[in-house]
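Visitor: Each residue of the sequence shown is one higher than the one before, counting from 1 in the UniProt record's numbering.
The beta-carbon is built from N, C-alpha and C at its ideal position, and this holds for glycine as well.
Please read these numbers as outputs of a predicted model, since none were measured by experiment.
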Amino acid sequence: MPTDSTAKYPDALTDATADAVSGAATDTGARRRVLVTGATGYIAGQLVPELRDRYDARLLDVRPGPDVEVVDLLGTPASELAEYFQGVDTVVHLAYHRPDGEDPQTRYDGERRNVDLMQRVYQLALDHGVRRVVAASTNQAAKWYEQPYFAGRRDRVGPEDYPRPDNFYGWAKAAYESLGFLYACGSLGRALEVIQVRIVVPREIDPENFVDQPAHRYVRELAGYISERDLRQLFVRSIETPDIADEHGVPFHIFYGVSDNARKFWSITNAREVIGYAPQDDSERRFAADIARLLHRDTR
Ligand SMILES: NC(=O)c1ccc[n+]([C@@H]2O[C@H](COP(=O)([O-])OP(=O)(O)OC[C@H]3O[C@@H](n4cnc5c(N)ncnc54)[C@H](O)[C@@H]3O)[C@@H](O)[C@H]2O)c1
C-alpha cells in the first residue's frame with residue numbers, strides 16, 4: 001500500500017506545492033512508476049525503502065542487491081535499455097561510476113563516464129516518455145566557493161551561482177547539471193523535467209574525526225549535514241510536486257541537499273519555494289553535545 005505521507009512531512013510552504021505531499025499516485029490514480037539507478041549504493045540505502053513504500057519502484061544497478069535487477073547502464077546497448085524506461089513516471093538517478101586512480105587524466109576519464117551515464121539516462125527518459133528525472137548531484141559542483149566563504153569574503157552559496165568545481169568529481173556533476181538544462185528547455189523537442197539535488201553531508205557526523213582538525217572542517221560538516229528523513233523528503237517532493245516550471249516555463253532546478261542547519265550557507269530557499277521542502281532537522285540541535293565539546297572548549 002502506498003503510504004499517505006501527509007502526516008509524515010511538515011506542511012509545505014506554499015499552496016502551489018501543498019499537493020506534493022499526497023502525490024504518491026499519478027493523475028490517473030495509479031501508483032507512480034519510479035526507476036531507481038544505482039539502487040545498491042549508499043544514497044539508495046537511505047532512499048529506497050521510502051521509494052518502494054510509496055511507488056511502483058524498479059531498482060537497477062550493475063552490482064547485485066535485494067530486489068535489484070543487474071544492468072550496466074553504460075555498457076548495454078540503448079535498445080536493450082528501453083524496456084526499463086517505458087511507462088516510467090520518474091527516474092531517480094543515483095548511479096555513480098567510481099574512477100580508479102588518482103592522476104588527473106585517469107580522474108578525468110573516469111568522471112567523463114559519469115557524464116556519459118547521465119546523458120544516457122536523459123536521452124532514454126526523453127525517448128521513452130518519462131516525465132521527470134531527479135538526479136543526485138553534489139555541492140562539489142561549486143565547491144571552490146567554500147574558500148571565499150571561510151575566508152570571510154562570501155556569505156552564501158546558491159544554486160544559481162556559476163558552478164566553480166575544484167576537482168574532477170565536481171566538474172562532472174556541473175557538466176551533467178548543465179546538460180540537464182539542455183534537456184529541460186525543450187530544444188530537443190519535448191521538455192524533460194529535471195531536478196538535480198546537490199547533496200552535501202548525508203551521514204551522521206562522528207566528532208572523533210575532527211578532534212585534531214581545524215575547527216572550520218567540523219563547522220563545514222555541520223553546515224552541510226542532511227538527515228536521512230530530510231533527504232527522503234527532498235527526493236519525495238522533487239518527484240511529486242506537480243509543476244516545477246521556473247519563471248520562464250523551464251522545468252529545471254538545482255536544489256541544495258542540506259537540513260535546516262543553523263550554520264548552513266548553501267541556500268535552500270528555492271527548494272522551499274518550488275517544492276515546499278521543509279526540513280525537520282538541524283545539526284546544531286542534533287549534535288549539540290559534540291559541538292559544545294569541540295567548538296566551545298574552555299581554552300583558558
Ligand atoms: N555518498 C555521499 O556522501 C554523497 C554525497 C553527495 C553526493 N552524492 C552523490 O550521490 C550519488 C550516489 O552516491 P553513492 O554514495 O550512493 O555512491 P555508491 O558508489 O555507493 O553507489 C553508486 C551505485 O551506482 C552503481 N553503478 C555504477 N555504475 C553503474 C552502471 N554503469 N550501471 C548501473 N549502476 C551503476 C554502483 O554499482 C553503485 O551501487 C552520486 O552521484 C554521488 O556523487 C553522494
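Give the range of the beta strand (DSSP E) segment to which H216 is assigned.
Guide: H216 -> not in any beta strand (DSSP E); alpha helix (DSSP H) instead, spanning 215-224.
Visitor: Which whole-angstrom value describes the C-beta separation of residue 303 and P165, a residue pair presumed to lie in contact below a C-beta threshold of 8 angstroms?
Guide: Outside the modelled stretch of the chain, which goes from 1 to 300, sits residue 303, for which no answer is possible.
Visitor: Cβ atoms of H93 and A135: under 8 angstroms apart, would you say?
Guide: yes
Visitor: In the DSSP assignment, what residue or residues form a beta bridge with I195?
Guide: Residue pairing by DSSP places I195 opposite V134, H253 in a beta bridge.
Visitor: Taking three-plus beta-carbon pairs below 8 angstroms as touching, is the region 219-234 in contact with the region 189-205?
Guide: yes
Visitor: With DSSP as the reference, label T17 as helix, strand or coil.
Guide: Here the model assigns T17 a pLDDT of 44, short of 50, so the residue's position is not dependable and the matter cannot be decided.
Visitor: Within a Cβ cutoff of 8 angstroms, which residues of the same chain sit near K143, ignoring the five residues on either side of it in sequence?
Guide: R164, P165, D166, N167, G170
Visitor: For D290, I'd like the list of residues in its chain whose CB is within less than 6 angstroms of its CB, leaving aside the five on either flank, ordered along the chain.
Guide: P207
Visitor: With a threshold of 7 angstroms (Cβ to nearest heavy atom), would H248 be considered close to ligand 1?
Guide: no
Visitor: Answer yes or no: do V157 and Y176 have a C-beta to C-beta separation smaller than 8 angstroms?
Guide: No, they are not a contact pair.
Visitor: When you measure from the CB of L74 to every non-hydrogen atom of ligand 1, does any distance come out below 7 angstroms?
Guide: yes
Visitor: Can you tell me whether DSSP reads A57 as helix, strand or coil?
Guide: strand
Visitor: For R275, is the beta carbon positioned less than 7 angstroms from some heavy atom of ligand 1?
Guide: The sequence given here has Ile at residue 275, not Arg. Every heavy atom of ligand 1 is 7 angstroms or more from the Cβ of I275, so no.
Visitor: For N261, count neighbouring C-beta atoms within 10 Å of its own C-beta (all shown protein chains included) and say buried if the count is 16 or more, exposed if not.
Guide: Label assigned to N261: buried.
Visitor: In the structure shown, what three-state DSSP assignment does R31 receive?
Guide: strand
Visitor: Within 10 Å of its beta-carbon, does N114 have 16 or more other beta-carbons around it, so buried, or fewer, so exposed?
Guide: N114 comes out buried.
Visitor: Please specify which runs of the beta strand (DSSP E), each continuous and at least 3 residues long, are wholly inside the region 157-208, giving them in chain order.
Guide: Qualifying beta strand (DSSP E) stretches, in chain order: 193-199.
Visitor: Looking at the structure shown, is V88 part of a helix, part of a strand, or coil, going by DSSP?
Guide: coil
Visitor: Give the DSSP-derived three-state secondary structure of A25 in the structure shown.
Guide: strand
Visitor: Buried or exposed for V70, please, with buried defined as at least 16 other CB atoms from any protein chain shown within 10 angstroms of its CB.
Guide: exposed
Visitor: If L59 sits next to V36, beta carbons under 8 angstroms apart, how far is it from one beta carbon to the other, in whole angstroms?
Guide: In this structure L59 is in contact with V36, their Cβ atoms being roughly 5 angstroms apart against a cut-off of 8 angstroms.
Visitor: DSSP state of E240, grouped into three classes?
Guide: Per DSSP, reduced to three states, the secondary structure at E240 is helical.
Visitor: Ligand 3 and D246: does the residue's C-beta get closer than 7 angstroms to at least one heavy atom of that ligand?
Guide: This structure lacks ligand 3; its bound ligands are ligand 1.
Visitor: Can you find a heavy atom of ligand 1 that lies under 7 angstroms from the Cβ of R33?
Guide: Result no, Cβ not under 7 angstroms from ligand 1.
Visitor: Would you check whether ligand 1 has a heavy atom nearer than 7 angstroms to the C-beta of P202?
Guide: yes
Visitor: Taking 7 angstroms as the cut-off, is the C-beta of A95 nearer than that to any heavy atom in ligand 1?
Guide: Yes, since a heavy atom of ligand 1 falls inside the 7 angstroms radius drawn around the Cβ of A95.
Visitor: On the three-state DSSP scale, how would you describe I291?
Guide: DSSP places I291 in helix when its eight states are reduced to three.
Visitor: Could you check the C-alpha separation between F181 and R131 for me, to the nearest Å?
Guide: 15 angstroms
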